[in-house]
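*Asks:* Residue numbers (the numbering used here): 1 to 43. First, the structure itself, so that you have it in front of you.
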Amino acid sequence: MDTNLLKYLSTVPVVAAVWMTFTAGLIIEINRLFPDVLYFYLK
Numbered sequence: 001m002d003t004n005l006l007k008y009l010s011t012v013p014v015v016a017a018v019w020m021t022f023t024a025g026l027i028i029e030i031n032r033l034f035p036d037v038l039y040f041y042l043k
């Protein structure tokens, strides 16, 4: 692989964007599979 591409992919904004996209997707899927889990804990 090109070293410039590896250098770009390891920069903080790229890593942060990938991490936040992964986290948002994980939260969305958990809420899709187990809706209103927070509601059950508060009840």
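Even glycine gets a Cβ: it sits at the ideal position worked out from N, Cα and C. Only a predicted model underlies this, so the values are computations on that prediction, with no experimental measurement involved.
1) Can you tell me the Cα-Cα spacing of N4 and M20, whole angstroms?
2) Measure the alpha-carbon distance for I27 versus D2 and round it to whole angstroms.
3) At the level of alpha carbons, what is the spacing between F22 and I30?
*Replies:* This is what the structure holds:
1) The residue labelled residue 4 in the question sits at position 4 within the sequence shown. The residue labelled residue 20 in the question sits at position 20 within the sequence shown. Roughly 23 Å between the two C-alpha positions.
2) Here the question's residue 27 lines up with position 27 in the sequence shown. Here the question's residue 2 lines up with position 2 in the sequence shown. In a straight line, the C-alpha of I27 is about 34 Å away from that of D2.
3) Here residue 22 is taken as the residue at index 22 of the sequence shown, counted from 1. Here residue 30 is taken as the residue at index 30 of the sequence shown, counted from 1. C-alpha separation (whole angstroms): 12 Å.
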